[in-house]
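**Q** Okay, here's the structure, questions in a sec.
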Amino acid sequence: MKVQVILSTIVLILINFTLTNAAVEWSLMRPAIDKAVLPCPEDYSPCYCGDYPTFGLYVVCELVSIEAIVSVFNRTTGSDIFWLQLRPLPDLSTRGVNIPADLLNGKRARAIDLYCPSVVSGDLYRLSIDTYALTSSEDLIEYFYILGCDLSQQTDFNFLTGFNKLMNLYLYGSTNIQAFQNLPALPNMVTLSINQCTGLDSIEFPAQSLPKLQQVYMTDNQLDDLSASNILASINSSTSVDTVVVFSLAYNNLTRIPDELVLFSQLNDLSLSGNRLPFISSSSLALPSPRIQRLALTNVSLNTIEPGALKANVVLADLTRNNLTQFESLVFQPMLEGMITLNGSLSIDSNPFECDCTLAWLIRDNRNLLSVVHGATCSNSTRFEQLNPNGFSECL
615 MKVQVILSTI VLILINFTLT NAAVEWSLMR PAIDKAVLPC PEDYSPCYCG
665 DYPTFGLYVV CELVSIEAIV SVFNRTTGSD IFWLQLRPLP DLSTRGVNIP
715 ADLLNGKRAR AIDLYCPSVV SGDLYRLSID TYALTSSEDL IEYFYILGCD
765 LSQQTDFNFL TGFNKLMNLY LYGSTNIQAF QNLPALPNMV TLSINQCTGL
815 DSIEFPAQSL PKLQQVYMTD NQLDDLSASN ILASINSSTS VDTVVVFSLA
865 YNNLTRIPDE LVLFSQLNDL SLSGNRLPFI SSSSLALPSP RIQRLALTNV
915 SLNTIEPGAL KANVVLADLT RNNLTQFESL VFQPMLEGMI TLNGSLSIDS
965 NPFECDCTLA WLIRDNRNLL SVVHGATCSN STRFEQLNPN GFSECL
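The numbers in the sequence shown follow our numbering, run straight up by one, and end at 1010.
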């Protein structure tokens, strides 16, 4: 899909990527900017520059050579940039994008997006970042993104050394990211998002470099049960086991809910959607947090849930597009009663439920709970709220 990002009346960037939940997570993470924009005090051509009154300079170098980017920052005098977007022209002879030392000539950026040029087919362009490429930003940068690059030429992430204010690190649509395992200490990073990447399944996860993680998104990275377990075990061995609040392992290749998740003491937002999880045991979702704000298990081929698996402390649960046929009281009633108190809801459309006497507990005896059940239908497409309680009068 082609997405148009309009920066001004004369500048248009075309970004190609596949829209998934990962893209949604990315948009939630990016620093917000105001709509009002003023001309920049200096000429940044061939790059685009806008001056946002609330935040500062927003510089975009779209398909500009590395040499031209270096020249721009050599001649301009503005010391701080709020947001810098780079999509350099590649070296076509090597299919490489090489970021040199001191790219910004001592200038600093709070947020940096580094895109590799889009490819219609074939391998991505290879990205290589000098260890000292972005050192001038180390005491300011809070957001760093790499999108659509092949990182096979990169042996480490030492270009982030000293980035003690970095809060968000985002890797999207990139291949061969094994260099990520050699990550320097990032003591204040709270959000790690690695989505639609390859190579994550074959590394030793650098959890000790990330002591304060709060949000972890690992969506659509082809992780299997073993690789996901290894990553979670690494985080469990770090202090982040007591700081992570949000975790997404959506759209991977999981066949079971990882045992390690129940060790995260503060985890209250969990997404496992898009995996293949036909069975949920009574203990697999026993997260210790007193309130689970969100539990996402959409499209996981789910057909069996053990009683006790869904707790009364879940606020929002999404079980849409599964294979559930029984809406049993022992499975659902405790959670639904909790949702009444917590002002929560259960989304459960696109499941072929059998609407027989097993539903009498809900339709006849606890009809008030229907207010928190959204989208539930019988296998004949009758909605739960359309069922007449009198039709269950002879049920035990």
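The C-beta atom is built at its ideal place from N, Cα and C for all residues, glycine as well.
Computed from a predicted model, the values in this text were never measured in an experiment.
(1) Find the nearest neighbour of Leu741 within the set Thr775, Leu703, Glu752, Ser750, judged by alpha-carbon distance.
(2) Here's the rule: buried if 16 or more other CB atoms are within 10 angstroms of the residue's CB, otherwise exposed. What is Pro872?
(3) Counting along the chain, where does the beta strand (DSSP E) carrying Ser959 start and finish?
(4) Pop quiz: Val651 and Tyr666 are said to be a contact at Cβ under 8 angstroms. What is the actual Cβ separation, rounded to whole angstroms?
(5) Run through DSSP, which three-state label would Pro653 get?
(6) Between which two residues does the alpha helix (DSSP H) carrying Leu944 extend?
(7) If you draw a straight line from the alpha carbon of Ser816 to that of Gln836, how long is it in whole angstroms?
(8) Can you grab the Cα-Cα spacing for the pair Tyr746 / Thr775, in whole Å?
(9) If you count every other CB in all the chains shown that lies within 10 Å of the CB of Cys971, and 16 or more means buried, which is it?
(10) Do Gln940 and Glu968 have their C-beta atoms closer together than 8 angstroms?
(11) Quick check: the Cα distance between Asn965 and Leu938, rounded to an integer number of angstroms?
(12) Looking only at its own chain, which residues have a Cβ that is under 6 angstroms from the Cβ of Ala821, when we skip the five neighbours before and after it?
(13) To the nearest angstrom, report how far apart Phe669 and Ala723 are at their CA atoms.
(14) Answer yes or no: do Ala923 and Leu899 have a C-beta to C-beta separation smaller than 8 angstroms?
(15) Is it buried or exposed, Asn630, if we count other Cβ atoms within 10 angstroms and call 16 or more buried?
(16) What do you reckon, are the CB atoms on Leu868 and Leu884 nearer than 8 angstroms?
(17) Would you kindly work out how many angstroms separate the C-alpha atoms of Leu677 and Gly958, rounded to a whole number?
(18) Give the secondary structure of Gln940 by DSSP, where H, G and I count as helix, E and B as strand, and everything else as coil.
(19) Determine the extent of the alpha helix (DSSP H) in which Ala842 is found, giving its start and end residues.
(20) How is the alpha helix (DSSP H) around Ser685 delimited, first residue to last?
(21) For Leu901 versus Leu881, is the C-beta distance shorter than 8 angstroms?
(22) So, Ala793 versus Leu765, is the Cβ gap smaller than 8 angstroms?
(23) Residues in the same chain with beta-carbon distance under 8 angstroms from Ile755, minus the five sequence neighbours each way, listed in chain order, please.
(24) Starting from Leu976 and walking both ways along the alpha helix (DSSP H), at which residues does that stretch end?
(25) Between Val986 and the rest of its own chain, which residues show a CB-CB distance below 8 angstroms, the 5 nearest in sequence each way excluded?
(26) In chain order, what residues of the same chain have a beta carbon less than 8 angstroms from the beta carbon of Asn802, not counting five sequence neighbours either side?
(27) Identify whether Thr918 lies in helix, strand or coil by the three-state DSSP scheme.
(28) Please determine, among Ser862, Tyr729, Pro660, the residue with the shortest C-alpha to C-alpha distance to Ser686.
(29) Which stretch, first to last residue, makes up the beta strand (DSSP E) that contains Phe773?
(30) Using the rule of at least 16 other Cβ atoms within 10 Å of the residue's Cβ for burial, across every protein chain shown, is Ser750 buried or exposed?
(31) What residues in its chain sit with their C-beta under 8 angstroms from that of Val638, if we drop five residues either side in the sequence?
**A** So, from the data block:
(1) For the set Thr775, Leu703, Glu752, Ser750, the Cα lying nearest the Cα of Leu741 is the one of Leu703.
(2) Buried, since its Cβ has 16 or more Cβ neighbours within 10 Å.
(3) Ser959 -> beta strand (DSSP E) spans 959-961.
(4) About 6 angstroms separates the two Cβ atoms, so the contact holds.
(5) If DSSP states are grouped into helix, strand and coil, Pro653 belongs with the strands.
(6) Where Leu944 is concerned, the enclosing alpha helix (DSSP H) stretches over 943-956.
(7) A straight line joining the alpha-carbon of Ser816 with that of Gln836 spans about 11 angstroms.
(8) Between Tyr746 and Thr775, the C-alpha separation is close to 9 angstroms.
(9) Looking at its Cβ environment, which holds fewer than 16 other Cβ atoms inside 10 Å, Cys971 is exposed.
(10) Against a cut-off of 8 angstroms, the Cβ pair of Glu968 and Gln940 comes out as a contact.
(11) C-alpha separation (whole angstroms): 5 angstroms.
(12) Ser848, Ile849, Ser852.
(13) Straight-line Cα distance between these residues: approximately 11 angstroms.
(14) In terms of Cβ geometry, Ala923 and Leu899 form a close pair [threshold 8 angstroms].
(15) Caution is warranted here: a pLDDT of 38 is assigned to Asn630, below 50, making its placement in the model unreliable, and no coordinate value can be reported.
(16) No, they are not a contact pair.
(17) Each residue's alpha carbon lies about 47 angstroms from the other.
(18) Of the three classes helix, strand and coil, the one that applies to Gln940 here is coil, per DSSP.
(19) Where Ala842 is concerned, the enclosing alpha helix (DSSP H) stretches over 839-850.
(20) Taken as a continuous stretch (DSSP letters only), the alpha helix (DSSP H) holding Ser685 covers 680-689.
(21) A contact, by the Cβ cut-off of 8 angstroms.
(22) Closer than 8 angstroms, so yes.
(23) Cβ within range, chain order: Arg722, Ala723, Arg724, Ala725, Ile726, Leu748, Phe777, Lys779, Leu780.
(24) Element bounds for Leu976: 974-977.
(25) Here the set comprises Leu950, Met953, Ile954, Gly958, Ser959, Leu960.
(26) The residues are Asn778, Lys779, Leu780, Met781, Lys826.
(27) Under the three-state reduction of DSSP, Thr918 is assigned to strand.
(28) The amino acid occupying residue 686 in the given sequence is Val; Ser does not appear at that position. The shortest C-alpha separation from Val686 is found at Pro660.
(29) Counting along the chain, Phe773 falls outside any beta strand (DSSP E), and DSSP gives it neither H nor E.
(30) By the 10 Å Cβ count, Ser750 comes out buried.
(31) Because the pLDDT at Val638 is just 42, under 50, the model does not fix this residue reliably, and the point stays unresolved.
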